[in-house]
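The listed protein sequences correspond, in order, to chains A and G. Positions -5 to 341 (my numbering) are the ones given, in order, by the first sequence. Positions 4 to 304 (my numbering) are the ones given, in order, by the second sequence. See structure below.
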Amino acid sequence: MTRNQILLYLVIAVSGVLGPIMFPNYTQQMAVMWVMVIMASTWDITGGQMGYNSLGNITFFGVGMYVSAVIQVSMFYDISLYTASYGAIKPVFTDQQYFVGLFAGILAAGVSCVILARLLGVVVFGLRGPYFAIGTLGVAIAAGQIAGTMDTIGGGAGISMPFFPWDIQLRSAFFYIICFTLAVASHFTIRWLFSTQFGLAANAIRDDEDKAEAMGIPTQKYKQFGWGIAAFYMGCIGAVFGNMVGYIEPVEVAFPAPTFGIFMVAMALLGGKGTLWGPVLGAVLFHVVKETTWTYLLGWQWVALGFILIVNIVYFQQGIMGWLQTKYPEKFGIIVDQSNVQAKEEA
Amino acid sequence: MLDNLQLLFVYAPIMNVQMILDGIFVGAVFALIAYGLALVWGVMNVKNICQGDMVIMGGYIAFTLYQLGVHPIFAIPIVAAVMFIYGWIIYVMIIRRVIDNDMFVSLLATFGLSLLMTQVMNLIYGPEVQTIDSHFPIAMMFDDFVTIPMVKIVSLALAMVLAAAVVIFMKKSRMGQAIRATAQDARAARVLGINTDNIFAFTYSLNAAICGVAGVLVSMIWVLQPFYGIIYTLRTFAIVTAAGLGNLPGVISMSFVLGWVEQYAGIVAGAEWQVAASVLMLLAVLMWRQVQMRRQRQVVR
């Protein structure tokens, strides 16, 4: 790491810690911001770096949410009784039960999403280009619809999560800490991942998959490994998000494929896909814009977001980091062959 | 589920007639929409995600006209014209700029458009389910086991007329020939003096008009709701992926198959499976394609 990078990490760490202390009213919003950062940067593992543009990563978000809900409740109560009563029964969870359940739930969510990604990967990674995008979108929407038909997990009515046992003031701070930790962990995982051979293989797959295969790279394995990492973090953060919201419902909260499933792509594109910092920057910007439109353009917020999405994709495809890279390539350690540039300009 | 199967095949097998007829009625509308998508996909290589939203938009235009006192059947030409202009505007503003890019870009851009259209319709008409009552009688058959609203027969006939018109247009007219030439090889078409930019614009607008008319039929025989668009999109993608581009008989037969699958899934597994069935069919088609391709593909393991 260079000095500049260490400085950048210090600034982020300080602002991440001081943020909720300075502005306690916005703790929840800041926690959601870290959720978005995780969404965008894990999407970028397969989307930006590998060229496999998934529209269905939100599946893992919802599956993680439901897995953790089921585990948290069924460790101590009968899950079908709990959901059948539509919140009429308010079981009391002791401190210990709640926290043990929560952490077991988060971990189980992550692990089960990795398994799911492995199974789905066999199916979807044979598809390429737009077919992959449509197929994964289909997976996400089917998951939402199927979750709505299962009565044990509450069906279309949803399931309410256990209450936070401590003081309500601590609730948002507690979830903020978990979200922040997960965001940092995911960032360093991706950073480490792309410093290894995986990064080179991923970029080779993006540039030309057939040639990569011809060079002896086991592309299927790399694709599934990358998607597995994304699935793990999406599952974990889904579990946390479910607890943070307090109420899970299949279409709007757990599997919002037409909204958040696309926003994570938009965030990565806004910041610049295929870069380490692009998705992070994009997520922070997108979240700020989203919250601003929510506050000042109530009723028109989705319209504004759709408009931003179109403008971003149609007129500003390379994203902020991509634009910076073409403008100042030497800052990113990219060496430009001047003779090539001149030849292009003359042509 | 077993009870439902018993009901269908043991106690009241006549209900199958109802299911098959309903499947044909919805399948005809799907076929229209899917043909539009196959056109755009084949000619310009754009995956039009806002296909379903254009259908719903056409339905809502007819709904507005209906409130002003225009019968939905007479609204069809007006809707087609409005949607044609709308498609042209969208092409000039968005599609033209993404058409040369990688296909995922057009997918995302139209997804953004879909989000925008859905939400604007939601703001204007609200999230309530709407329908147009076109005052046609309802026919009963087989001891009232089978009900056939005349409006569905009318819509089936209209869909068939429109489909025939589009097919003849594509085969015979100068524009249709130019469109087919562009689909085969855009560069060669340009060399031979066809303005491909115009052809693309026309194709996209024609698709929008077809969607709009399908939307009018949907508003008469079914219901309109701003958020149903994405479901139509997935259905049409399932149909077109299964049938392949430029395969008109395939598109039509797959549309009927999808209609029947949905009807039977709805009655056998429960109404909430109706939407899931079409999505699962899309996945099944994609999986089947892969099994087919696996024989040829050589992957490093």
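From the three backbone atoms N, C-alpha and C, an ideal C-beta is built for every residue, glycine too.
Exercise for the section: Take Gly55/G as the anchor and find which of Ile224/G, Ser256/G, Met120/G and Leu261/G has the nearest alpha-carbon. Expected result: In the second sequence, the residue the question calls residue 55/G occupies position 52. Nearest in C-alpha terms to Gly55/G, of all of Ile224/G, Ser256/G, Met120/G and Leu261/G, is Met120/G.
Practice task
Measure the beta-carbon distance from Phe33/G to Ser222/G and round it to whole angstroms, keeping in mind my assumption that it falls under 8 angstroms.
Solution key: Start at 1 with the first residue of the second sequence, and residue 33/G comes out as number 30. Start at 1 with the first residue of the second sequence, and residue 222/G comes out as number 219. About 15 angstroms; that fails the 8 angstroms criterion.
Problem - Residue from Asp25/G, Gly45/G, Ile59/G and Ala274/G with nearest C-alpha to Ile156/G - result: Residue 156/G sits at position 153 when you count from the first residue of the second sequence. Considering only alpha carbons, the answer is Asp25/G.
Handout entry: Any chain A beta carbon closer than 9 angstroms to Glu275/G
Key = For the purposes of this step, residue 275/G is identified with residue 272 of the second sequence, where counting begins at 1. Interface residue, yes.
Exercise for the section: From the DSSP output, in three-state form, read off Val49/G for me. Expected result: The count along the second sequence starts at 1 and reaches residue 49/G at position 46. Coil, per DSSP.
Practice task
Please go through the same chain and pick out, in chain order, the residues whose beta-carbon is closer than 8 angstroms to the beta-carbon of Val288/G, but skip the five residues on each side of it.
Solution key: Here the question's residue 288/G lines up with position 285 in the second sequence. Correct list, in chain order: Ala241, Thr244 and Ala245.
Exercise for the section: Counting only the same chain and skipping the five closest in sequence on each side, list residues whose C-beta sits under 7 angstroms from that of Pro344/A. Expected result: The shown model of chain A, from -5 to 341, leaves out residue 344/A, and the question about it has no answer.
Problem - Cβ distance (whole Å) where Ser349/A is taken to contact Ser189/A below 8 angstroms - result: As shown, chain A starts at -5 and ends at 341. That puts residue 349/A outside it, with no answer to give.
Handout entry: Min CB distance Met296/G to chain A below 9 angstroms
Key = Residue 296/G sits at position 293 when you count from the first residue of the second sequence. Met296/G counts as touching chain A.
Exercise for the section: Taking only beta-carbon positions, decide if Gln122/G is within less than 9 angstroms of chain A. Expected result: For this step, residue 122/G is matched to residue 119 along the second sequence. Closer than 9 angstroms: yes.
Handout entry: For Gln133/G, three-class secondary structure by DSSP
Key = Here the question's residue 133/G lines up with position 130 in the second sequence. Three-state result, Gln133/G: strand.
Exercise for the section: Check each candidate in Gly152/A, Arg185/A and Ser48/A and name the one with the smallest Cα separation from Ala63/A. Expected result: Along the first sequence, one-based indexing puts residue 63/A at 69. If we check each option's Cα against that of Ala63/A, Gly152/A comes out closest.
Handout entry: Beta-carbon proximity of Ala98/A to Ile65/A, cut-off 9 angstroms
Key = Locating residue 98/A in the first sequence gives position 104, where the first residue counts as 1. Locating residue 65/A in the first sequence gives position 71, where the first residue counts as 1. Yes; because the gap between Cβ atoms is below 9 angstroms, this pair is in contact.
Handout entry: Run of the alpha helix (DSSP H) containing Val108/A, from where it starts to where it stops
Key = For the purposes of this step, residue 108/A is identified with residue 114 of the first sequence, where counting begins at 1. First-last of the alpha helix (DSSP H) with Val108/A: Asp89 to Val118.
Handout entry: Entirely enclosed beta strand (DSSP E) segments - the region 235 to 319 of chain A, minimum 3 residues
Key = none
Problem - alpha helix (DSSP H) segment containing Ile197/G, residue limits - result: To locate residue 197/G, count along the second sequence from 1; it is residue 194. No alpha helix (DSSP H) holds Ile197/G; DSSP gives it neither H nor E.
Handout entry: Strand pairing of Pro152/G, partner residues [DSSP]
Key = Within the second sequence, the letter at position 149 stands for residue 152/G. In the DSSP output, where bridge partners are listed per residue, Pro152/G has Ile141/G.
Exercise for the section: Compare the C-beta of Leu40/G with all C-beta atoms of chain A and state if any pair is closer than 9 angstroms. Expected result: Sequence index remark: in the second sequence, residue 40/G carries index 37 (1-based). The beta-carbon of Leu40/G is placed no less than 9 angstroms from the nearest beta-carbon of chain A.
Handout entry: Interface flag, Thr253/A vs chain G, CB-CB below 9 angstroms
Key = Taking the first sequence and counting its residues from 1, one reaches residue 253/A at position 259. Closer than 9 angstroms to some Cβ of chain G, the Cβ of Thr253/A qualifies, so yes.
Handout entry: Pairwise C-alpha distance: Ala37/G and Arg193/G
Key = Residue 193/G sits at position 190 when you count from the first residue of the second sequence. Residue 37/G sits at position 34 when you count from the first residue of the second sequence. Each residue's alpha carbon lies about 27 angstroms from the other.
Exercise for the section: Please confirm whether Lys78/G and Val294/G have their CB atoms less than 9 angstroms apart. Expected result: For the purposes of this step, residue 78/G is taken as the residue at position 75 of the second sequence. For the purposes of this step, residue 294/G is taken as the residue at position 291 of the second sequence. Looking at the sequence provided, one finds Ala at residue 78/G rather than Lys. Taking 9 angstroms as the Cβ cut-off, Ala78/G and Val294/G do not qualify as a contacting pair.
Handout entry: Proximity test, Cβ basis, 9 angstroms: Ile97/G and chain A
Key = The residue labelled residue 97/G in the question sits at position 94 within the second sequence. At a cut-off of 9 angstroms between C-beta atoms, Ile97/G counts as an interface residue with respect to chain A.
Problem - Contact with chain A by Phe205/G, beta-carbon distance below 9 angstroms - result: Indexing the second sequence from 1 puts residue 205/G at position 202. Not closer than 9 angstroms to any Cβ of chain A, the Cβ of Phe205/G fails to qualify, so no.
Exercise for the section: Examine chain G for any beta-carbon lying closer than 9 angstroms to the beta-carbon of Val118/A, and answer yes or no. Expected result: Residue numbering aside, residue 118/A sits at position 124 when the first sequence is read from its first letter. Closer than 9 angstroms to some Cβ of chain G, the Cβ of Val118/A qualifies, so yes.
Handout entry: Neighbouring residues, chain G, relative to Tyr290/A (Cβ below 9 angstroms)
Key = Against the first sequence, residue 290/A aligns to sequence position 296. Neighbours of Tyr290/A on chain G: none; closest Cβ ~16 angstroms, over 9 angstroms.
Handout entry: Nearest-angstrom Cα separation, counted from Ala134/A out to Thr143/A
Key = Numbered from 1 along the first sequence, position 149 holds the residue referred to as residue 143/A. Numbered from 1 along the first sequence, position 140 holds the residue referred to as residue 134/A. Spanning the two alpha carbons is a distance of roughly 15 angstroms.
Handout entry: Members of the region 160 to 174 of chain G near chain C, C-beta cut-off 7 angstroms
Key = Protein chains A and G are contained in the structure displayed, whereas chain C is not.
Handout entry: contact_flag[the region 85 to 94 of chain A, the region 257 to 272 of chain G] where n(CB pairs < 8 angstroms) is 3 or more
Key = no
Handout entry: Three-state secondary structure assigned by DSSP to Ser154/A
Key = For the purposes of this step, residue 154/A is taken as the residue at position 160 of the first sequence. It is a strand residue.
Practice task
Evaluate the contact criterion for the region 114 to 121 of chain A versus the region 244 to 257 of chain A: three or more CB pairs, one atom per stretch, below 8 angstroms.
Solution key: no
Exercise for the section: Look up Leu227/G in the DSSP assignment and give the residues it is bridged to. Expected result: Within the second sequence, residue 227/G is the residue found at index 224, counting from 1. Leu227/G is bridged to Gln133/G.
Handout entry: Closer than 9 angstroms to chain G by CB, Asn197/A
Key = In the first sequence, residue 197/A corresponds to position 203, counting from 1. For Asn197/A, the answer is no, since every Cβ of chain G falls outside 9 angstroms of its Cβ.
Handout entry: Ser137/G versus Pro75/G - alpha carbon distance
Key = Here residue 137/G refers to the residue found at position 134 when the second sequence is read from its first residue. Here residue 75/G refers to the residue found at position 72 when the second sequence is read from its first residue. Looking at the two C-alpha atoms, the distance is approximately 7 angstroms.
Problem - Local Cβ density within 10 Å of Thr88/A, reported as buried at 16 or more and exposed below that - result: For this step, residue 88/A is matched to residue 94 along the first sequence. Classification of Thr88/A: exposed, given that the 10 Å Cβ count is below 16.
Handout entry: Segments of 3+ residues assigned as beta strand (DSSP E) that fall wholly inside the region 217 to 277 of chain G
Key = none
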